[in-house]
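Visitor:
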Ligand code: URA
Ligand code: CA
C-alpha cells in the first residue's frame, strides 16, 4: 500500500477500506508516514468527508494506537459523560456523586487541561487533602465499594489522536465533523466506557457555534459510538451564556454542593437531571427515562446524593466537612460587585469572553506551566432575561488582587443590557439517540 494512492483516493471522493484506514493511522503513529502526507489526507477529508463506516474505522484505529483502560473488574455498566466544553460547566462535579448515589458506577479518569478554569481534578483539589494519585487497583476497589472514584490521567491513550490533532491544528483541518467526532470518541472509548452520554454545547461559548453544526457533530458521534458497540446518545445544550452562576474552581465546587443539596441554579440542575437520567437509563438502573429522573430527584431530596459526595471526597483524602462548611474552601482576599450602569434586561452574556475574564483573575491556565488560583472567579448574579436596575450587581468578582480594571471592563463589554424584555435562551435543544 502506498500513502499517495490513499490520498488520491480520498481526494477523488472514494471510500477507504478498513485496512487502508488502519494503514494510515498505524503508519502515522509509528512515523513511517510523514506529516505532509497526512496533512494532505486530512485536507482531503475536510472536502470529501467520510462515511459512517470510515468514521468508525478511524475511531477504532486511533483507539488501538495506544493503551486502552480495562474497567472489566468494575461491576456494572460503566457510563461516561463527555462535554464538548464550555464556560463554568459544573456538570461533572454534580453528575458523578448524583448518578453514583443511584448505583451507576462512575470510574472517571480526568485531567487538568487548559482553559477558563481548571479541569475536574483542579476543581476537586480545592477540597483540602483530596488527591487523585491512586493506583489502578485502589481505583477499582473504590468504584466497586462507593460507585465513584477519580484517577489522574496515566498511560499512553490514543497517541494517534494526539499527533493528528496537533497536525490538524496547524494545517487548517480541525473543522471537519468526521475528524472531530472520531477524535473525541476515540478518547472516550480508550478510557473504557461501555456507554457514553454526550453533552454537545451550542452557542457563542461553544466549540460549535450554530445549532446545525452542533447537531451534525452530535449525530456523527452517536453514529460512531453505536456502530462500535458502545451505546451512545447526545444532548444538545445551550452555551450562549455560562451554565449556572459560578465560574472558578472552588466557586464551582460550592455550586456543585448547592446543586446536590437541591439549591443549585435552575439551568445547571435541569441539565444535570437530563444528562443524569440518560446515564442511569443506559447504566441499566431504570426502565425508562422518567423512572431514572425520579430516582435522581429523590437522591437529591433525601440527601443521598450529598452523602455520596462526602464519601467520595473522604475516600480520596479530602476534607468532607467542606460540604457542610463551604467557607473552608479556598477564599479570595477581595470581592467586588460589578454594578449595572443602567436599568433594563440582561440580553447577552457572551460565555467565552466572560470565561476569559475569570482566567484573567487566575482561575484558568493559559499555558501548561501556569499555576491556577483555586479561590478566584466570578459568580453571575443575573442571567439572560433577568430584569436589572441601575446599581444592582451583575456579577460578584472574587479576586486575590485589588486592581480589577481589566476584568471589569471585559465584563461590561460582554454583558449587555437591553431596554425591552428579553426571553431566556432555550437550555436543551435536542436529544439524539
Ligand atoms: N476536541 C477534540 O478532542 N478533538 C477535535 O478534533 C476537536 C475538539
Ligand atoms: Ca457554573
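Numbering (the numbering used here), first residue to last: 413 to 845. A virtual CB, placed ideally from N, CA and C, is assigned to each residue, including glycine.
#1: Within the segment 488 to 538, note down every full alpha helix (DSSP H) run reaching 4 residues or more, in order along the chain.
#2: I need the straight-line Cα distance from residue 487 to residue 430, nearest angstrom please.
#3: On a CA-only basis, which of 597, 439, 601 and 651 is nearest residue 620? Give me that one, please.
#4: Say the cut is 6 Å; is the CB of residue 626 nearer than that to a heavy atom of ligand 1?
#5: So the candidates are 450, 614, 632 and 798; which of them puts its Cα closest to the Cα of residue 462?
#6: So if I measure from each beta-carbon to every heavy atom of ligand 1 and keep distances below 5 Å, which residues remain?
#7: Take residue 607 as the anchor and find which of 583, 599 and 644 has the nearest alpha-carbon.
#8: Taking the continuous beta strand (DSSP E) assigned at residue 607, which residues delimit it?
#9: Restricting to Cα atoms, I'd like to know which of 418, 534 and 444 is closest to residue 774.
#10: Between the segment 795 to 808 and the segment 534 to 543, can you find at least three pairs of beta-carbon atoms closer than 8 Å?
#11: Are the CB atoms of residue 492 and residue 605 within a distance shorter than 7 Å?
#12: With the cut-off set at 7 Å, would you say residue 475 and residue 598 are in Cβ contact?
#13: Going by the DSSP bridge assignment, what does residue 830 pair with across the sheet?
#14: To the nearest angstrom, how far is it from the Cα of residue 640 to the Cα of residue 483?
#15: In angstroms with no decimal places, state the Cα-to-Cα distance between residue 433 and residue 764.
#16: Given that a residue counts as buried once 16 or more other Cβ atoms are within 10 Å of its Cβ, and exposed if not, what is residue 728?
#17: On the criterion of 16 or more Cβ atoms from any shown chain inside 10 Å, does residue 528 qualify as buried, or is it exposed?
#18: I think residue 655 touches residue 602, with their Cβ atoms under 8 Å apart; what is that distance to the nearest whole Å?
#19: Pull up the DSSP beta-bridge partners for residue 643, would you.
#20: Kindly indicate the opening and closing residues of the alpha helix (DSSP H) around residue 457.
#21: I need the boundaries of the alpha helix (DSSP H) containing residue 805, first residue and last residue.
#22: Using DSSP with H/G/I as helix, E/B as strand and the rest coil, what is residue 751?
#23: Note down, in chain order, each residue of its chain lying with its Cβ closer than 8 Å to the Cβ of residue 636, except the 5 sequence neighbours on either side.
#24: With a cut-off of 8 Å, do at least 3 Cβ pairs link the segment 656 to 676 to the segment 709 to 717?
#25: For residue 649, which beta-bridge partners are listed by DSSP?
#26: Run through the DSSP bridge pairs and tell me what residue 564 is partnered with.
#27: The beta strand (DSSP E) with residue 659 in it runs from where to where?
#28: What are the residues that DSSP puts in a beta bridge with residue 746?
#29: Excluding five sequence neighbours on each side, which residues of the same chain lie with their C-beta closer than 8 Å to the C-beta of residue 587?
#30: Since residue 687 is in the alpha helix (DSSP H), which residue starts that stretch and which ends it?
#31: Quick one: what does DSSP say residue 554 is sitting in, helix, strand or coil?
#32: Given residue 804, which residues of its chain have a CB within under 6 Å of its CB, disregarding the five upstream and five downstream residues?
#33: For residue 610, tell me which candidate among 638, 616 and 583 has the shortest Cα-Cα distance.
#34: Can you tell which of 833, 563 and 693 has its C-alpha closest to the C-alpha of residue 524?
Guide: In brief:
#1: Every alpha helix (DSSP H) stretch that sits fully inside the segment 488 to 538 and reaches 4 residues is listed by chain position as 503 to 512 and 532 to 536.
#2: Locating residue 487 in the chain shown gives position 75, where the first residue counts as 1. Locating residue 430 in the chain shown gives position 18, where the first residue counts as 1. It is roughly 33 Å from the alpha-carbon of residue 487 to the alpha-carbon of residue 430.
#3: The residue you call residue 620 lines up with position 208 of the chain shown. The shortest C-alpha separation from residue 620 is found at 651.
#4: Here residue 626 refers to the residue found at position 214 when the chain shown is read from its first residue. No, the Cβ of residue 626 stays beyond 6 Å of every heavy atom of ligand 1.
#5: As a first step, residue 462 must be located in the chain shown, where it is residue number 50. The candidate whose alpha carbon is nearest that of residue 462 is 632.
#6: Cβ atoms closer than 5 Å to ligand 1 belong to 592, 595 and 596.
#7: Here residue 607 refers to the residue found at position 195 of the chain shown. Selected option, being the one with the closest Cα: 644.
#8: Here residue 607 refers to the residue found at position 195 when the chain shown is read from its first residue. Element bounds for residue 607: 607 to 614.
#9: Here residue 774 corresponds to residue number 362 of the chain shown, with the count starting at 1. Residue 774 has its Cα closest to that of 534, out of 418, 534 and 444.
#10: With the cut-off at 8 Å, the segment 534 to 543 and the segment 795 to 808 do not touch.
#11: What you label residue 605 is simply residue 193 of the chain shown in a count that begins at 1. What you label residue 492 is simply residue 80 of the chain shown in a count that begins at 1. A Cβ-Cβ contact shorter than 7 Å links residue 605 with residue 492.
#12: Stepping through the chain shown from its first residue, residue 475 is reached at position 63. Stepping through the chain shown from its first residue, residue 598 is reached at position 186. Taking 7 Å as the Cβ cut-off, residue 475 and residue 598 qualify as a contacting pair.
#13: Along the chain shown, read from residue 1 onward, the residue named residue 830 stands at position 418. Bridge partners of residue 830: 757.
#14: The residue given as residue 640 occupies position 228 in the chain shown. The residue given as residue 483 occupies position 71 in the chain shown. Distance between the alpha carbons of residue 640 and residue 483: 17 Å.
#15: If you number the chain shown from 1, residue 433 lands on position 21. If you number the chain shown from 1, residue 764 lands on position 352. So the two alpha carbons sit approximately 36 Å from each other.
#16: Position 316 of the chain shown, counted from the start, is the residue given in the question as residue 728. Result: buried.
#17: As a first step, residue 528 is located in the chain shown; it is residue number 116 there, counting from the start. Looking at its Cβ environment, which holds 16 or more other Cβ atoms inside 10 Å, residue 528 is buried.
#18: As a working mapping, residue 655 is identified with position 243 in the chain shown. As a working mapping, residue 602 is identified with position 190 in the chain shown. Between residue 602 and residue 655 the Cβ distance is about 27 Å, and since that is not below 8 Å, they are no contact.
#19: Locating residue 643 in the chain shown gives position 231, where the first residue counts as 1. Beta-bridge pairing links residue 643 to 607.
#20: Taking the first residue of the chain shown as 1, we reach residue 457 at position 45. 447 to 460 is the span of the alpha helix (DSSP H), which, as asked, contains residue 457.
#21: Along the chain shown, one-based indexing puts residue 805 at 393. Element bounds for residue 805: not the alpha helix (DSSP H) but the beta strand (DSSP E), 805 to 811.
#22: Here residue 751 is taken as the residue at index 339 of the chain shown, counted from 1. Here residue 751 sits in strand by DSSP.
#23: The count along the chain shown starts at 1 and reaches residue 636 at position 224. Closer than 8 Å at the Cβ level, and outside the excluded window around residue 636, lie 464, 467, 468, 471, 593, 594, 597 and 644.
#24: yes
#25: The residue given as residue 649 occupies position 237 in the chain shown. Its beta-bridge partners are 613 and 840.
#26: For the purposes of this step, residue 564 is identified with residue 152 of the chain shown, where counting begins at 1. In the DSSP output, where bridge partners are listed per residue, residue 564 has 522.
#27: By 1-based counting over the chain shown, the position of residue 659 is 247. Element bounds for residue 659: 658 to 660.
#28: Residue 746 sits at position 334 when you count from the first residue of the chain shown. Residue 746 is bridged to 811.
#29: Mapped onto the chain shown, residue 587 falls at position 175. Contacts found: 458.
#30: As a first step, residue 687 must be located in the chain shown, where it is residue number 275. Element bounds for residue 687: 678 to 694.
#31: Translated into the one-based positions of the chain shown, residue 554 becomes position 142. Reduced to three states, the DSSP call for residue 554 is helix.
#32: Counting from 1 along the chain shown, the entry for residue 804 is found at position 392. Closer than 6 Å at Cβ, skipping near neighbours: 752.
#33: Translated into positions along the chain shown, residue 610 becomes position 198. Closest option to residue 610, Cα to Cα, is 638.
#34: Here residue 524 refers to the residue found at position 112 when the chain shown is read from its first residue. Per the Cα distances, 563.
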